[in-house]
Amino acid sequence: MSGNELRFQAICQVTDREKLPPKVPSRLEELWAIDVFTLSKMQACLPKDVFKSLKSTIQTGGKLDVSVASIAAAAMKDWAISKGALYYAHVFYPMTNFTAEKHDGFISVQGDGSAITEFTGKVLVQGEPDGSSFPNGGIRSTFEARGYTAWDVTSPAYVMETDNGATLCIPTVFISWTGEALDKKTPLLRSNAAMSNAATRLLKLLGHTEVAPLNSSCGAEQEYFLVDAHFAHSRPDLLLTGRTLFGQPAAKGQQFDDHYFGAIPERVQVFMQDVEERMYRLGIPAKTRHNEVAPGQFELAPFFEAANVASDHQQMTMTILKNTAKKHGFICLLHEKPFAGINGSGKHVNWSVGNATQGNLLDPGDTPHKNLQFLLFCGAVIRGVHKYGSLLRAVVATASNDHRLGANEAPPAIISVYLGTQLEDVFDQIKQGEVKSCAHAGVMNLGLPTLPEFPKDPGDRNRTSPFAFTGNRFEFRAVGSNQSVSGPLVAMNTILTDSLTWIADQLEAEFAKGTTLEAAAYTILKAVMEDHGAVVFGGNGYCQEWHRMAVEERGLPNLPTTADALPILQEKYIEELFEKTGVLSATELKSRFEVYAEQYIQVIEMEAKLVISLAKTVIYPVAFRYLSELSGSIANLKQIGIELEKESAEKVAVLTQFMSDAVSKLADALGKHDFSTIQDHMQYCAKTCGP
Ligand code: ADP
Ligand code: MG
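In my numbering, each residue carries its 1-based index in the sequence shown increased by 1207.
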């Protein structure tokens, strides 16, 4: 069937589509976390001392007692069985951006042939999936298969329902037999612990006697596209690679600016409500939904949570979006750039750090210029982003995200920090040596007698900045829509750890000289601004002049492609950063580089192969058929004295030849295999086969 026929069929099917039967909406209390083994459910079914011990492990990160795990396992099993589960799964997050799970039954067959359910503390705490087929970046050979999953008590277990039953899911870390992290969760937990230690040390130096463990928080805004499944199924490129490799721009793209925040189409809203119901049941706090800039593009944002839980929930959200879309006759595209010519999708990662005793440490309050603690934490971020900007670029480097970064719809590949006018002014004053004042928020008078005056934020927004301060958190905007948020969170926590440690060292040295806290803090902040202030930029990040100025005058790196950015992971100073903070060993870091480099090459090569095959099997046959039809009509027309169509036949022939040449060139390029290093191979892909 030709493309046109497929499209026509799709139009008929969409027109005749039967709506899903409407659901009676439930109240939030009836939905919220009903599929989660929450603390309150544990409290209701566990002996008091067991619950206390488990709660302390969850909240303060103490060691998990084996006897506690056994009692917790029995209670967890009873709860899961009451919800119809026959199986449990250790869920983990390998280095693929996807979620992996190994399912096992609760069944245990007895000597007399009867079967009972069984779930011990040992199997709750530790699983042993074969690790050999997951990317490991050379840490393991195929014959060295043993890998372990271990229960992450800080992320709650839940039941995932499918049409025919339910499965108890246990979030876990995934490590090799030799103890190396093979996943994205382990470094996230380590980076959080490292940040907590460094922040505690600094807070104590600032005079706090009681400091609760610190946690990083994350609220990730997920952008996505919905395409009716009938249309998507006529596009092998969309189904296989998540983006269109051929096509022409639609006459109506996003030029009317009429989609962003427009009224949500009813069919989409029904889908969103279904997604939100599933999220609420799983304890994921969906909070915001709206149309995005491009036609068919939407956004979903949850309320922020502890980074580790937010990261697990983000993975679940991506799965829920994709699965629910199918039920509603859509395909949900999470690719960063499904269609050329209109905006792609990102995932803004909002991040802050705080604890129960000091609150959010990135909250400036009303008088930021007097809030030394805030200024030191914010200064730590500025220093970190300047020193390790290339790392931040590397952790968002994927073949698909390269299409987006720097394309005037997403932040450039140059990493800078936006502080907003008020804070930028405060830090400028610090650099000059004296802080006198700070611009205030003020009120906005709308000049309309019926509307009250309303408070105005102290700074505007700047959507062109890759790393922006947004009132009480930083928003990392360069993250791709398809990515796990763990890598970016690990990078932010780790560079903050490094800066907080440096600041604490400086403070101790100043105190030893007898300097007061206030004078010492300003001296340190002044040094931060002198050495790292070049990363602060409040202007238009899309403009070419900034790209020139950033590189030539400020010395900021511009790493346009993944092939340029990923090798940063091999630099000595990055290895030292991860080793000294205890987040990743040199072996683990190296393996990550290998895995991500491999993935980059594979994506580009797969797309190139598909281009060749689509050209040969879908486009040529149509072009040749059309050419022969044209020559027939030309001959007929000629008989009655009309020569007009000759030119079109020539055009089609020339274009077909052009395509044939380009495809042969691409096929030749793909045939090259003799690369001396993986970096060379990546550069070759970036320049020859992609994007
Ligand atoms: P935007 O206006 O930038 O599109 P959204 O409301 O879509 O903002 O998303 C903002 C995200 O930031 C939400 O997930 C929100 O919960 C999260 N957020 C708010 N405060 C914090 C914080 N202190 N730390 C981390 N994330 C936060
Ligand atoms: Mg948003």
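No residue lacks a Cβ here, since even glycine has one placed at the ideal position from N, Cα and C. A quick note: this is a predicted structure, and the numbers were derived from the prediction, not measured.
Per DSSP, which residues does residue i bridge with? Please list them.
i: serine 1424; result: Ala1513, Ser1559
i: cysteine 1376; result: Ala1296, Tyr1365
i: tyrosine 1625; result: Ala1675
i: isoleucine 1382; result: Tyr1355, Ala1388
i: lysine 1554; result: Gln1429
i: phenylalanine 1198; result: Lying outside 1208 to 1898, the shown extent of the chain, residue 1198 is not represented and no answer is given.
i: phenylalanine 1537; result: Asp1435
i: proline 1301; result: Asp1390
i: asparagine 1567; result: Gly1561
i: valine 1861; result: Answer is none; valine 1861 lacks a bridge partner.
i: valine 1743; result: Val1624
i: valine 1243; result: Tyr1365
Rounded to whole angstroms, how far is the Cβ of residue i from the Cβ of residue j, which I believe are closer than 8 Å?
i: methionine 1479; j: arginine 1496; result: 5 Å
i: proline 1394; j: valine 1603; result: No, proline 1394 and valine 1603 are not in contact; Cβ-Cβ is about 16 Å, not under 8 Å.
i: glutamine 1504; j: serine 1552; result: 7 Å
i: valine 1743; j: valine 1624; result: 5 Å
i: alanine 1517; j: alanine 1427; result: 7 Å
i: valine 1633; j: proline 1695; result: The pair is not a contact, with the Cβ atoms about 26 Å apart (cut-off 8 Å).
i: glycine 1334; j: threonine 1379; result: 7 Å
i: asparagine 1669; j: glycine 1745; result: 7 Å
i: proline 1420; j: serine 1403; result: 5 Å
i: alanine 1280; j: methionine 1249; result: Not quite, the Cβ-Cβ distance comes to about 12 Å (not below 8 Å), so this is no contact.
i: cysteine 1425; j: asparagine 1557; result: 7 Å
i: tyrosine 1833; j: valine 1859; result: 6 Å
i: phenylalanine 1305; j: lysine 1392; result: Incorrect: roughly 13 Å between the Cβ atoms, too far for contact.
i: arginine 1680; j: serine 1559; result: 4 Å
i: valine 1802; j: proline 1342; result: 4 Å
Looking at residue j and residue i, is the spacing between their C-beta atoms short of 8 Å?
i: leucine 1446; j: alanine 1439; result: yes
i: valine 1735; j: glycine 1627; result: no
i: tryptophan 1286; j: phenylalanine 1258; result: no
i: isoleucine 1622; j: arginine 1590; result: no
i: threonine 1605; j: threonine 1769; result: yes
i: glutamate 1783; j: glutamate 1387; result: no
i: glutamine 1429; j: leucine 1489; result: no
i: serine 1798; j: glycine 1345; result: yes
i: glutamine 1886; j: proline 1774; result: yes
i: glutamate 1737; j: lysine 1638; result: yes
i: serine 1263; j: glycine 1269; result: yes
i: leucine 1579; j: alanine 1406; result: no
i: arginine 1450; j: lysine 1544; result: yes
i: glycine 1354; j: isoleucine 1323; result: no
i: alanine 1952; j: lysine 1309; result: As shown, the chain starts at 1208 and ends at 1898. That puts residue 1952 outside it, with no answer to give.
i: phenylalanine 1453; j: leucine 1821; result: yes
i: glutamate 1368; j: aspartate 1242; result: yes
i: threonine 1536; j: alanine 1457; result: The question names threonine, but residue 1536 in the sequence shown is glycine. Going by C-beta atoms, glycine 1536 is not nearer than 8 Å to alanine 1457.
i: leucine 1703; j: valine 1588; result: yes
i: leucine 1396; j: tryptophan 1358; result: no
i: valine 1686; j: histidine 1555; result: yes
i: isoleucine 1538; j: asparagine 1498; result: no
i: serine 1441; j: glycine 1210; result: yes
i: leucine 1389; j: proline 1301; result: yes
i: leucine 1494; j: phenylalanine 1468; result: Reading off the sequence, residue 1494 comes out as lysine, not leucine. No, the Cβ-Cβ distance between lysine 1494 and phenylalanine 1468 is not below 8 Å.
i: isoleucine 1710; j: leucine 1583; result: yes
i: histidine 1542; j: proline 1502; result: no
Query raised in the report: Counting Cβ pairs closer than 8 Å, one from the region 1637-1648 and one from the region 1513-1532, do we hit at least three?
Result: no
Query raised in the report: What are the complete alpha helix (DSSP H) segments, minimum 4 residues, inside the region 1305-1370?
Result: 1328-1332
**Report entry** Touching by the beta-carbon criterion (3+ pairs, under 8 Å), the region 1584-1596 and the region 1455-1471
**Finding:** no
Query - Ordered list of beta strand (DSSP E) runs contained in the region 1466-1515, each at least 3 residues - result: 1493-1498, 1504-1509
Query raised in the report: Along the chain, which unbroken stretches of the alpha helix (DSSP H) at least 4 residues long are found entirely within the region 1685-1717?
Result: none
Report task. Could you tell me whether the region 1359-1376 touches the region 1814-1822, using the rule of 3 or more Cβ pairs below 8 Å? Result -> no
Query - the region 1323-1333 in contact with the region 1400-1420 per 3-pair CB rule at 8 Å - result: no
Requested in this report: Count the C-beta pairs between the region 1371-1378 and the region 1291-1299 that are closer than 8 Å, then say yes if the count reaches three, no if not.
Outcome: yes
Query raised in the report: With contact counted as at least three CB pairs below 8 Å, one residue from each stretch, are the region 1833-1844 and the region 1800-1815 in contact?
Result: no
Requested in this report: Decide yes or no for the touch test of the region 1563-1572 against the region 1718-1726: beta carbon pairs closer than 8 Å, at least 3 of them.
Outcome: no
Report task. Write down every uninterrupted run of the alpha helix (DSSP H) in the region 1759-1829 whose length is 4 residues or greater and which is fully enclosed by it, in chain order. Result -> 1769-1772, 1779-1788, 1793-1821
Report task. Output the residue ranges of the beta strand (DSSP E) runs that lie fully inside the region 1258-1289 and measure 3 residues or longer, sorted by chain position. Result -> none
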